[in-house]
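Note sheet for the following structure.
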Amino acid sequence: MSTVAEHAARPRRRGRVAQSVMDSLVMAQRNLIRMTRIPEVVLFGLIQPIMFVVLFTYVFGGSIQVGGSLSQAAYREFLMAGIFAQTVTFATAGASAGIAEDMHKGLVDRFRSLPMARGAVLTGRTLADFVQTALTLVVLTGVALLIGWRTHENLGSVLAGFGLLLLLGYAFSWIGALIGLLVRTPEAATSGGLIWLFPLTFISNAFVDSNRLPTVFRHIAEWNPFSTTVQACRELFGNLPPDFVTPDAWPMQHPIWASVIWSLIILVVFRTLAVRRYRKSAV
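Be aware that the sequence shown starts at 1, since it is given in UniProt numbering, and climbs by one per residue.
Structure representation (structure tokens):
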């Protein structure tokens with residue numbers, strides 16, 4: 001809090017955009033420092049995706065058909081893009097709870113009394129979550145490599161895949177920010193930040209071949225923004241089985257473009273709504 005106050009007390013000589021960027025970075029620094037002081041939050045955030053990797057790989061790996069194969073190795077490579085995407089989107093709950101907690105404790109009201117950009121509080125929080133998500137992906141990638149996951153494309157394609165994952169995660173963190181502003185308690189924010197994610201991630205191609213879903217669910221999965229990023233990552237990682245049949249829906253035929261478009265739409269819409277809600281609650 002002292003870092004924020006010292007920064008706000010300095011003369012505001014920069015342009016409006018530059019000042020907004022600096023304010024956001026200071027708020028991001030404040031949130032990252034707080035995260036390091038509560039390491040169990042980061043630890044628990046790592047345990048859940050690791051559990052999903054182990055359970056789906058070794059419990060369901062030989063029972064779920066991918067393409068024409070029931071091979072555990074084929075399913076392991078098919079699965080990891082889904083786990084990565086689920087991990088970055090589940091970080092939404094952290095953004096919801098963090099902002100709701102600051103609102104509940106009155107910290108946001110104190111920030112409003114400082115001469116700083118109105119959107120900096122939310123942007124700083126989402127940037128801090130972005131950094132945490134990136135670190136979680138690094139650790140999860142190490143675990144995936146240990147259990148036998150491999151990529152079969154060049155480094156540029158692999159990095160592009162992780163870039164799409166981080167873009168999706170950052171876009172979804174703004175949904176979490178909006179939820180955190182709408183609810184009254186951190187507990188409600190945690191529940192509200194997760195409950196809608198389960199149908200989003202499970203009615204998708206993350207864990208099963210969407211071609212094998214019932215007709216209604218298949219169409220939902222094919223146009224699901226979560227599914228497009230998963231499909232794009234599988235292509236960029238080279239993790240699609242040779243006999244895999246790509247659905248005819250446009251997002252599945254052009255998953256990279258669809259992933260970028262979906263993520264940018266979500267980012268713009270929910271950032272606008274979250275900042276508007278923040279300003280309205282300040283009145």
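Backbone N, C-alpha and C fix where the C-beta goes; we use that ideal spot for every residue, glycine too.
Straight-line Cα distance separating W149 from A134
Taking the straight line joining both Cα atoms gives about 19 angstroms.
Could you check what DSSP says for V268 in three-state terms: helix, strand or coil?
Note: V268 maps to helix in three-state DSSP.
Cβ-based neighbour list, A258, same chain, cut-off 6 angstroms, excluding 5 preceding and 5 following
Closer than 6 angstroms at the Cβ level, and outside the excluded window around A258, lie T228 and P251.
For S63, does the count of other Cβ atoms within 10 angstroms reach 16, so buried, or fall short, so exposed?
The residue is exposed, with fewer than 16 neighbouring Cβ atoms inside 10 Å.
Look at the alpha carbon of M27 and the alpha carbon of G106, and state the distance between them as a whole number of angstroms.
When rounded, the distance between both Cα atoms is 16 angstroms.
Apart from the five residues on each side of it in sequence, which residues of its chain come closer than 8 angstroms, Cβ to Cβ, to I147?
Counting only Cβ-Cβ distances below 8 angstroms, and skipping sequence neighbours, we find V53, V54, T57 and R76.
Mind listing, in chain order, the continuous beta strand (DSSP E) runs of no fewer than 3 residues lying wholly within the segment 43 to 129?
Counting only runs of 3 or more, we get nothing.
Roughly how many whole angstroms lie between the Cα atoms of G193 and L178?
Answer to the nearest angstrom: the Cα atoms are 10 angstroms apart.
Measuring straight from C-alpha to C-alpha, what distance separates G119 and A189?
Rounded to whole angstroms, G119 to A189 spans 20 angstroms at the Cα level.
What's the C-alpha gap between F162 and E40?
In this model, F162 and E40 are separated by some 25 angstroms (Cα to Cα).
Indicate, with yes or no, if the ligand ZN has a heavy atom lying under 6 angstroms from the CB of A144.
Absence of the ligand ZN is noted for the structure shown, with no ligands found whatsoever.
Between which two residues does the alpha helix (DSSP H) holding G193 run?
Its alpha helix (DSSP H) spans residues P186 to I195.
At the level of alpha carbons, what is the spacing between L240 and G98?
Each residue's Cα considered, the two are about 37 angstroms apart.
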